[in-house]
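Notes follow once the structure below has been shown.
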Amino acid sequence: MKKLFKKVINIDVDPVSRYLHELLIVEMGFAEEVVSITDAEAGLVYLENTWPVCAPEDNELILLELYMPEGGGSAFLEKLHVLAKKRNHPFYILVCSTMSQELIYKFPPSPFIVGWLEKPLTIEKLNSFFPFIQSEGNYEVTR
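According to my numbering, the sequence shown is numbered sequentially starting from 1016.
Shown next as structure tokens:
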């Protein structure tokens, strides 16, 4: 069976959060590959280098922590709008944050964001956001 995502890109400054998110993604089995990145700027560089060479059928999920030094998460979203024009395949952003819902809603809306989750991530929280993606094809999630 096809995995839900070709790749999950996990962008978070906190090494413990990155590690736990990666373990959860692997345990759930919903991506062929997990890439963990330490900050928003490195995430943008990674996407600039990989997006132009991706196949049209590839899809990606970006797990993004908004609360990063120097506004990294919000700056990432702003720059992503420009970068998205080079994208030839679907992608989704799920914001994972230590921030309260009230603070999250102060960020400008983005058409790429499929949901906002407060950390810590759990299988139940992640599964609650993906039924619409799963309905598009025959995908396998192991839990």
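Beta carbons: idealized from backbone N, C-alpha and C, even for Gly.
Everything numeric in this text was worked out from a predicted model, so none of it was measured.
For the pair C1069 and L1035, the Cα-to-Cα distance works out to about 27 Å. For A1057, the enclosing alpha helix (DSSP H) stretches over residues A1055 to T1065. Nearest to T1137 by alpha-carbon distance, out of I1128, P1126, S1125 and S1112, is S1112. Of the candidates E1037, L1039, I1077 and L1038, I1077 places its Cα closest to the Cα of A1055. When the Cα atoms are used, L1141 and L1019 turn out to be separated by approximately 12 Å. The C-alpha of E1042 is placed about 13 Å away from the C-alpha of V1023. Distances from the alpha-carbon of T1053 to those of D1029, A1046 and F1045 put D1029 closest. By alpha-carbon distance to L1132, the top candidate from V1110, E1139, E1093 and H1096 is V1110. Taking C-beta atoms under 8 Å as the contact rule, L1062 and L1098 qualify, at a distance of about 6 Å. Closest in alpha carbon position to I1108, among E1037, R1033, E1075 and G1058, is E1075. For K1100, there is no enclosing beta strand (DSSP E), as DSSP marks it with neither H nor E. Residue range I1138 to N1142 is occupied by the alpha helix (DSSP H) that includes L1141. Around the CB of E1080, 16 or more other CB atoms lie within 10 Å, so the residue is classed as buried. Rounded to whole angstroms, V1129 and L1059 show a C-alpha spacing of 19 Å.
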